[in-house]
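J.:
Residue numbers (this note's numbering): 51 to 667.
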């Protein structure tokens with residue numbers, strides 16, 4: 051039995067029931083409101099519903115509308131991006147033409163800080179694709195970007211910074227190219243997908259076609275010709291109309307003819323073949339041969355194809371043999387550089403210097419040392435190290451040659467066998483010293499930037515700049531040597547000692563001093579040969595052994611001590627050796643060449659030019 055009166059108990063029960071009902075009602079209303087808010091967040095409200103919701107529940111529905119509008123904008127932006135991206139890929143595949151007001155399909159503005167390469171590295175995929183379609187920098191900067199990516203040197207830091215990483219794992223900041231030891235925690239290599247590489251190809255062509263430099267426009271035509279399956283013919287015809295350079299115009303005409311031959315009717319193809327018949331491009335010859343392989347050809351078209359094939363093959367053959375002759379001429383220049391010093395020392399002193407090849411090697415290693423010094427202390431002038439390496443190679447080899455003459459050769463004058471053995475021993479010592487200092491492996495001597503590449507004479511003939519430079523360098527050295535020997539007092543003394551040593555002594559010429567200086571001159575010329583060889587071949591301890599035999603052959607065939615004889619002999623041996631290598635291979639060519647030299651010496655022991663002086667007496 052309850053101690054409280056019954057009316058008090060009934061009141062408490064009634065209050066409890068009311069409170070419970072109120073709590074239940076509030077929870078139900080809260081649950082309904084949450085469901086409505088969730089549904090509104092998923093489905094955007096219409097204009098009228100939104101107004102009604104604002105009137106009744108303004109604060110809650112304001113947040114809901116904001117979320118809904120953001121999602122709707124996001125969906126619209128994504129749809130526009132997909133549409134723009136597809137149109138850009140189609141544009142790269144079909145044409146280089148871009149609208150004047152190019153709209154970049156990017157989600158955020160491109161960072162305009164830094165040069166074009168820095169902007170490219172900091173950009174995302176869409177931005178990079180847009181930049182390649184409308185490159186903001188110069189044609190040279192785009193070429194630099196291609197070179198860095200192809201060499202796997204371009205990297206991006208975790209903060210978007212640009213870095214260069216070379217093959218020696220040395221990290222440089224860009225664009226100042228300063229060596230840094232502070233490696234980013236997340237260093238990523240900049241690479242290209244297939245889509246970006248396609249955009250890069252056409253971006254290069256577009257930038258170069260708009261260049262004021264005819265050479266750049268010619269490179270653009272070459273890029274288009276390599277991607278002829280993807281280009282729009284309208285681009286070629288438009289470029290041909292505004293082109294005023296004869297060489298570029300001819301290249302555009304050939305490209306247009308290739309397009310007409312590929313897509314035109316029979317009459318158009320025959321007209322295009324009249325233009326293509328004057329080409330020496332191997333790719334054009336392939337197109338013609340593929341067309342000839344088809345069945346059921348029109349008789350007139352087949353006749354035109356056969357005539358074009360014969361004309362193109364003849365032009366390619368002429369270009370090929372011109373390239374072989376140029377290679378032979380550059381080989382002759384190298385042989386002449388290697389033999390000039392030997393011709394002087396052998397002609398003046400009568401010494402068979404078996405260490406002459408190692409003096410060539412020393413000149414090459416002197417070039418390598420100068421290159422490393424420039425890279426370490428003058429990196430901003432590293433591309434000009436060759437200008438300092440030329441006198442350095444001459445002086446180092448000349449000083450070593452004079453030391454060899456004073457210490458080793460001078461006590462052995464008149465004893466040919468002993469001097470031969472002594473100089474052979476010196477050659478072994480020099481090779482071992484090089485191995486001890488620089489190692490037994492070849493060292494890398496890089497080509498300077500201004501001698502990289504080739505001069506494109508035609509589609510099938512390119513002349514490397516470094517080979518052209520070696521020919522010019524040899525001509526300059528030859529002219530300076532002829533002037534030194536014929537127009538200076540030192541040259542007069544050298545000629546006097548060479549012709550009659552006793553009479554030269556009688557008139558007061560110090561033959562010992564002339565011997566030392568002449569041997570130093572010959573050794574210095576060997577060093578110049580090594581400097582030139584470092585630009586076209588490997589630099590190693592056995593470099594001199596490759597050329598010493600050929601140098602002796604040049605001296606013997608040309609005539610002992612005869613500069614012009616060495617010139618003619620080097621031309622003959624260099625060009626004939628190259629031609630023989632084409633026909634019978636390198637090994638058999640050497641054998642045949644040696645046999646021919648032996649037969650020549652049997653017939654004419656004094657060489658092309660007989661020596662006048664003490665050896666004759």
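Every residue, glycine too, gets a C-beta built ideally from N, C-alpha and C.
Note that the structure is a prediction, hence the values are computed from the model and not measured.
In the stretch 428 to 483, which residue ranges form an unbroken beta strand (DSSP E) of at least 3 residues, counting only runs that do not cross its ends?
T.: Complete beta strand (DSSP E) runs here, min 3: none at all.
J.: Run through DSSP, which three-state label would residue 255 get?
T.: By 1-based counting over the chain shown, the position of residue 255 is 205. Note: residue 255 maps to helix in three-state DSSP.
J.: Taking the alpha carbon of residue 195 as the point to measure from, which residue in 176, 250, 208, 218 has its own alpha carbon closest?
T.: In the chain shown, counting from the first residue as 1, residue 195 sits at position 145. Nearest option by C-alpha distance: 250.
J.: With 16 as the cutoff for other CB atoms within 10 Å, does residue 244 come out buried or exposed?
T.: As a position in the chain shown, residue 244 is number 194, starting the count at 1. Looking at its Cβ environment, which holds fewer than 16 other Cβ atoms inside 10 Å, residue 244 is exposed.
J.: DSSP puts residue 283 in a beta bridge; with which residues?
T.: In the chain shown, counting from the first residue as 1, residue 283 sits at position 233. Residue 283 is not bridged to any residue.
J.: Keeping to the same chain, check which residues put their C-beta closer than 8 Å to that of residue 588; ignore five residues upstream and five downstream.
T.: Counting from one through the chain shown, the residue named residue 588 turns up at place 538. Excluding positions up to five away in sequence, the list reads 492.
J.: Rounded to a whole number of angstroms, what is the C-alpha to C-alpha distance between residue 653 and residue 646?
T.: Position 603 of the chain shown, counted from the start, is the residue given in the question as residue 653. Position 596 of the chain shown, counted from the start, is the residue given in the question as residue 646. If I take the Cα positions, the gap works out to 11 Å.
J.: Would you mind reading off the limits of the alpha helix (DSSP H) that contains residue 405?
T.: Numbered from 1 along the chain shown, position 355 holds the residue referred to as residue 405. Element bounds for residue 405: n/a, residue is neither H nor E.
J.: If the criterion is Cβ atoms closer than 7 Å, does the pair residue 577 and residue 413 meet it?
T.: To locate residue 577, count along the chain shown from 1; it is residue 527. To locate residue 413, count along the chain shown from 1; it is residue 363. Yes, they are a contact pair.
J.: Taking only the alpha-carbon atoms, compute the straight-line gap between residue 429 and residue 192 and give it to the nearest angstrom.
T.: Locating residue 429 in the chain shown gives position 379, counting from the first residue. Locating residue 192 in the chain shown gives position 142, counting from the first residue. Taking the straight line joining both Cα atoms gives about 23 Å.
J.: Among 367, 581, 566, which one has its Cα closest to the Cα of residue 519?
T.: Sequence index remark: in the chain shown, residue 519 carries index 469 (1-based). Looking at the Cα atoms, 581 is the closest of the given residues.
J.: For residue 496, name the three-state secondary structure that DSSP assigns.
T.: Against the chain shown, residue 496 aligns to sequence position 446. Of the three classes helix, strand and coil, the one that applies to residue 496 here is coil, per DSSP.
J.: Please check the pair residue 409 and residue 447, which I expect to be a contact at CB under 8 Å, by giving their CB distance rounded to whole angstroms.
T.: As a working note, residue 409 is residue 359 in the chain shown. As a working note, residue 447 is residue 397 in the chain shown. Sure, about 5 Å apart at Cβ, within 8 Å.
J.: With a threshold of 8 Å, are at least 3 pairs of Cβ atoms found where one atom belongs to the stretch 348 to 357 and the other to the stretch 383 to 391?
T.: Verdict: no, contact absent.
J.: With distances taken Cα to Cα, identify the nearest neighbour of residue 561 among 545, 572, 574, 575.
T.: On the chain shown, position 511 is the one that residue 561 refers to. Of 545, 572, 574, 575, the residue nearest in Cα terms is 545.
J.: Do residue 442 and residue 426 come within 7 Å of each other at the CB atom, strictly closer than that value?
T.: In the chain shown, the residue the question calls residue 426 occupies position 376. In the chain shown, the residue the question calls residue 442 occupies position 392. Taking 7 Å as the Cβ cut-off, residue 426 and residue 442 do not qualify as a contacting pair.
J.: Between the alpha carbons of residue 109 and residue 189, how many angstroms are there, rounded?
T.: Residue 109 sits at position 59 when you count from the first residue of the chain shown. Residue 189 sits at position 139 when you count from the first residue of the chain shown. No answer about residue 109 holds up, because its pLDDT of 39 lies below 50 and its placement is not dependable.
J.: Excluding the 5 residues preceding and the 5 following residue 619 in the sequence, name in chain order all residues of the same chain whose CB lies nearer than 7 Å to its CB.
T.: The sequence position of residue 619 within the chain shown is 569, counting from 1. Hits under 7 Å: 604, 607, 608, 658.
J.: Where does residue 178 land, buried or exposed, given buried means 16+ other C-beta within 10 angstroms?
T.: Within the chain shown, the letter at position 128 stands for residue 178. The residue in question, residue 178, is buried, as its Cβ has 16 or more Cβ neighbours within 10 Å.
J.: Which whole runs of the beta strand (DSSP E) in the stretch 201 to 245 are 3 residues long or more, in chain order?
T.: Fully enclosed beta strand (DSSP E) runs of 3 or longer: 204 to 206, 212 to 215, 221 to 223.
J.: Based on the DSSP secondary-structure assignment, which residues constitute the bridge partners of residue 264?
T.: Within the chain shown, the letter at position 214 stands for residue 264. Answer is none; residue 264 lacks a bridge partner.
J.: Please look up how many angstroms separate the CB atoms of residue 355 and residue 335, rounded, as I've assumed it's under 8 Å.
T.: Position 305 of the chain shown, counting from 1, holds the residue named residue 355. Position 285 of the chain shown, counting from 1, holds the residue named residue 335. So it is not a contact: roughly 11 Å between Cβ atoms.
J.: So, helix, strand or coil for residue 512, using DSSP?
T.: For this step, residue 512 is matched to residue 462 along the chain shown. DSSP places residue 512 in strand when its eight states are reduced to three.
J.: Rounded to a whole number of angstroms, what is the C-alpha to C-alpha distance between residue 556 and residue 549?
T.: Stepping through the chain shown from its first residue, residue 556 is reached at position 506. Stepping through the chain shown from its first residue, residue 549 is reached at position 499. About 13 Å.
J.: How is the alpha helix (DSSP H) around residue 303 delimited, first residue to last?
T.: As a working mapping, residue 303 is identified with position 253 in the chain shown. 296 to 313 is the extent of the alpha helix (DSSP H) around residue 303.
J.: To which residues of the same chain is residue 306 closer than 7 Å at the C-beta, ignoring the five residues directly before and after it?
T.: Translated into positions along the chain shown, residue 306 becomes position 256. Closer than 7 Å at Cβ, skipping near neighbours: 286, 287, 290.
J.: Where residue 477 and residue 216 are concerned, what is the direct C-alpha to C-alpha distance, given to the nearest angstrom?
T.: The residue you call residue 477 lines up with position 427 of the chain shown. The residue you call residue 216 lines up with position 166 of the chain shown. If I take the Cα positions, the gap works out to 36 Å.
J.: Use the C-beta contact count for residue 364: other C-beta atoms within 10 angstroms, 16 or more gives buried, fewer gives exposed.
T.: By one-based count along the chain shown, residue 364 stands at place 314. Under this definition residue 364 is an exposed residue.
J.: Would you kindly work out how many angstroms separate the C-alpha atoms of residue 525 and residue 532, rounded to a whole number?
T.: Taking the first residue of the chain shown as 1, we reach residue 525 at position 475. Taking the first residue of the chain shown as 1, we reach residue 532 at position 482. For residue 525 and residue 532, the distance between alpha carbons rounds to 11 Å.
J.: For residue 278, collect the residues of the same chain with a Cβ closer than 8 Å to its Cβ; drop the 5 residues on either side in sequence, then sort them by chain order.
T.: If you number the chain shown from 1, residue 278 lands on position 228. So the qualifying residues of the chain are 305, 308, 309, 312.
J.: Does DSSP put residue 589 in a helix, a strand or coil?
T.: Walking along the chain shown from the start, residue 589 turns up at place 539. Three-state DSSP puts residue 589 in a strand.
J.: Here's a check: name, in chain order, each residue in its chain whose Cβ is nearer than 6 Å to the Cβ of residue 132, leaving out the five neighbours to either side.
T.: For the purposes of this step, residue 132 is taken as the residue at position 82 of the chain shown. Low local confidence applies: a pLDDT of 39 at residue 132 is under 50, so the model's placement there is unreliable, and no value is given.
J.: Can you give the Cα-Cα distance for residue 403 and residue 457, rounded to whole angstroms?
T.: For the purposes of this step, residue 403 is taken as residue 353 along the chain shown, with counting starting at 1. For the purposes of this step, residue 457 is taken as residue 407 along the chain shown, with counting starting at 1. Computed Cα separation, rounded: 14 Å.
J.: Once you ignore the five residues that flank residue 128 on each side, which residues in its own chain have a CB closer than 8 Å to its CB?
T.: Indexing the chain shown from 1 puts residue 128 at position 78. Here the model assigns residue 128 a pLDDT of 38, short of 50, so the residue's position is not dependable and the matter cannot be decided.
J.: Is it true that the CB of residue 326 sits closer than 7 Å to the CB of residue 358?
T.: Position 308 of the chain shown, counting from 1, holds the residue named residue 358. Position 276 of the chain shown, counting from 1, holds the residue named residue 326. Contact flag set, yes.
J.: Output yes or no for whether 7 Å exceeds the beta carbon distance between residue 411 and residue 593.
T.: Against the chain shown, residue 411 aligns to sequence position 361. Against the chain shown, residue 593 aligns to sequence position 543. For residue 411 and residue 593, yes; Cβs fall inside 7 Å.
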